[in-house]
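S.K.: Residue numbers (my numbering): 25 to 750.
In structure tokens form, the structure reads like this:
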């Protein structure tokens, strides 16, 4: 067991930094590959005609022969992956590390000098260590396979081939519409090429990176790439405010492979396929060997250090022994014996046994340790970078507040919102689901007994509101409307607070706007609720009835933090681990979550600001920045890389596709049981319970493991040096 001093991170970090000087620092990298990022941004800012011209296509799409020709030119629309190496090649690569080679050479020397027993023991230690590591690394290519599973669907494309019906119309001189010149075909994703025109509708997965040609009420969920829970509205025309945006994910006229259409329709032209897509760039970062961690560098550093001592001491012993005794043959074999004696033969077994013991201790706390080295890296970690959604938060939209226009809690607002969500027949979004989770309201209202649905005015993206009309105990009809605050305010003439109803004047209008702004700044998504009483004899309702409403108040939604998040972050701080937030979400929500979990925000840095910084500038800012917001997946990776270059031992905790590359880049990748498969495959450690308090236990176990390994290295090397000098 380690004593209290051995658990101190200072000594651990000093040792790691001591051996790191033997290794080159990692090369500088800059986020998403420049070609992918710049190409997508340029395409978004061009007009439609320019895009069509550059892709040698038209709104009618490509012809079948042209499509087949482009498949030969661009290849299949599949995420690139490395061909798995044969098992024997992977085994040889596992063996090719300094410690294994050093011990193998010493085993061979022992055999040559006649010490077969020592040779057998040393070689057995090498084989055991190599086989254990091989079993871990054999699965390194599974992450890319998980990404490839995403693109197995079909897409509807336009083909400019003349249909048989069009040929008949032309031959007979009959009138025809230009749209008759294109025919639609359903083809597998993998046969799509740049220049193909695809038709999009609700429920479709985006088959490649596309530029929108037209869009109607189109909302796309980009959560797999950004971590944001709510869908993003997309437009065919780029808004003026996005003219200088450098992050492709923030451009509303682009859609990306792997994202999903929540509602609406659209038509788009494919601009990138396969490995050139945004998702493909993530696959390239995930596939292949994981970056060397600080523990790997430390073990290799010790091995090289011992090798240097041997290369110096063995010749010295050989010369001294030969000169004094005159028997050069005996001196040679004695020098070889000294070299063998310098090596800590049991080091591979001691390291493996201690790491396995730590992994076993963590398994009792329902933590899967996929990579044994992660235990030691857990202890060495001095910075934990974490995604927000799904790791610190529950990744679930929850209705947290229901307020009147003066900001006071009001149950009537929640009741009316519940009736609206309960009786609507359209697609229930995440906000409606959150409202309907208040079963107690349903029971209190006795919805089926006391209310009967009369009509519904569906949601549309121009009005940004929807209404239901219910009959309340045959007394009157009640039109209940909920939607965006600005749009509800436009059709409301009065407000209700308590039992009082007042006309909306400038002061009340300003009060409503101020309250909404305050809620937004606290990270809430705000929806307004209004109503209107109508006579029983009206049977049909339309948008024109959404006038002269009485504004009741607001319902506010939030993705709340996990119950254990605040306590876990405090525990990490006690052990000298600094926490930084790396998220694709916006800075307002990120600041709110930090406040809720007790994390003081020193500075916030945005993704578009990072793109303008050199690595040296980013290193300086990263030290003092608490929150990195609106990051692309590769920007997360870049932040981790610069922190590691500064000498920090960096952990990363995430659960989405957008976190996979960062999980592999960090010294230790941590994920949760609810994460997507690609994140689990990329992680070193998986938490099986929602509680984050096991992070503290991981740090302690890692420091115990390191202390025990260091005890052996100190004891073994001092003993061996003593034997050598004697």
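The beta-carbon is built from N, C-alpha and C at its ideal position, and this holds for glycine as well.
Is it buried or exposed, residue 51, if we count other Cβ atoms within 10 angstroms and call 16 or more buried?
M.R.: At residue 51 the pLDDT is 37, less than 50, meaning the model places this residue with poor confidence and gives no usable figure here.
S.K.: When we look at the beta-carbon of residue 302 and count the other beta-carbons within 10 Å, is it buried (16 or more) or exposed?
M.R.: Classification of residue 302: buried, given that the 10 Å Cβ count is 16 or more.
S.K.: Start and end of the beta strand (DSSP E) containing residue 535?
M.R.: Per DSSP, residue 535 belongs to no beta strand (DSSP E); it is in the alpha helix (DSSP H), 530-545.
S.K.: According to DSSP, is residue 657 helix, strand or coil?
M.R.: Residue 657 falls in the helix class under three-state DSSP.
S.K.: Using 8 Å as the threshold, is the C-beta distance between residue 101 and residue 243 below it?
M.R.: No.
S.K.: Comparing alpha-carbon positions, which option in 429, 75 and 447 lies nearest residue 293?
M.R.: Ranking 429, 75 and 447 by Cα distance to residue 293 puts 75 first.
S.K.: What separation, rounded to the nearest whole angstrom, lies between the Cα atoms of residue 726 and residue 697?
M.R.: The alpha-carbon atoms of residue 726 and residue 697 are separated by roughly 21 Å.
S.K.: My output table needs one value for residue 738: the three-state DSSP class, helix, strand or coil.
M.R.: Of the three classes helix, strand and coil, the one that applies to residue 738 here is helix, per DSSP.
S.K.: Nearest by alpha-carbon distance to residue 209: which of 181, 226 and 215 is it?
M.R.: Of 181, 226 and 215, the residue nearest in Cα terms is 181.
S.K.: Under three-state DSSP, which class holds residue 270?
M.R.: Residue 270: coil per DSSP, three-state reduction.
S.K.: Please give the ranges of any beta strand (DSSP E) in the stretch 236-307, keeping only runs that are unbroken, at least 3 residues long and fully inside the region.
M.R.: If we require 3 residues or more, the beta strand (DSSP E) runs fully inside the stretch 236-307 come out as 256-258 and 284-296.
S.K.: From the DSSP output, read off the bridge partner residues of residue 225.
M.R.: Per DSSP, 289.
S.K.: Locate the beta strand (DSSP E) running through residue 483, then write down its first and last residues.
M.R.: Its beta strand (DSSP E) spans residues 475-484.
S.K.: With DSSP collapsed to three states, give me the class of residue 214.
M.R.: Correct three-state label for residue 214: helix.
S.K.: Determine the burial state of residue 448: buried for a count of at least 16 other Cβ atoms within 10 Å of its Cβ, exposed for fewer.
M.R.: Classification of residue 448: buried, given that the 10 Å Cβ count is 16 or more.
S.K.: If you draw a straight line from the C-alpha of residue 547 to the C-alpha of residue 615, how long is it?
M.R.: Roughly 8 Å between the two C-alpha positions.
S.K.: Do you know how far the Cα of residue 536 is from the Cα of residue 432?
M.R.: In a straight line, the C-alpha of residue 432 is about 12 Å away from that of residue 536.
S.K.: Can you say whether residue 617 is buried or exposed, counting buried as having 16 or more other CB atoms within 10 angstroms of its CB?
M.R.: Classification for residue 617: buried.
S.K.: Compute the beta-carbon to beta-carbon distance between residue 674 and residue 606, rounded to the nearest angstrom, for a pair I have assumed lies under 8 Å.
M.R.: Not confirmed; about 11 Å, so no contact.
S.K.: Ends of the alpha helix (DSSP H) at residue 440?
M.R.: Residues 435-447.
S.K.: Count the other CB atoms, across all protein chains shown, that sit within 10 Å of the CB of residue 225; report buried if there are 16 or more and exposed otherwise.
M.R.: Burial call: exposed.
S.K.: Taking residue 423 as part of the beta strand (DSSP E), name the residues at either end of that continuous run.
M.R.: Segment 422-428, the beta strand (DSSP E) holding residue 423.
S.K.: Just verifying my parser: in three-state terms, what is the DSSP assignment at residue 565?
M.R.: In this structure, residue 565 counts as coil in the three-state DSSP scheme.
S.K.: By the DSSP assignment, the beta strand (DSSP E) with residue 551 in it spans what residues?
M.R.: Note, residue 551: beta strand (DSSP E), 549-558.
S.K.: Pull up the distance between the alpha-carbon of residue 500 and that of residue 443, whole angstroms please.
M.R.: Answer to the nearest angstrom: the Cα atoms are 15 Å apart.
S.K.: May I ask you to report which of helix, strand or coil DSSP gives residue 110?
M.R.: The answer is coil: DSSP assigns residue 110 none of H, G, I, E or B.
S.K.: Under 6 Å Cβ to Cβ from residue 485, same chain only, skipping five residues before and after it: list those, please.
M.R.: So the list reads 241, once near-sequence residues are dropped.
S.K.: Rounded to whole angstroms, what's the CA-CA distance from residue 694 to residue 405? Just pull it up for me.
M.R.: Roughly 12 Å separates the two Cα atoms.
S.K.: Using only alpha-carbon positions, find the residue among 131, 525, 496 and 411 that is nearest to residue 470.
M.R.: Closest option to residue 470, Cα to Cα, is 496.
S.K.: Counting contacts by CB-CB distance shorter than 8 Å, is residue 738 in contact with chain B?
M.R.: Chain labels in this structure do not include chain B; a single protein chain is all it has.
S.K.: Return the bridge partner residues of residue 524 from the DSSP annotation.
M.R.: Residue 524 pairs with 521.
S.K.: Tell me the rounded alpha-carbon separation between residue 222 and residue 86.
M.R.: Spanning the two alpha carbons is a distance of roughly 11 Å.
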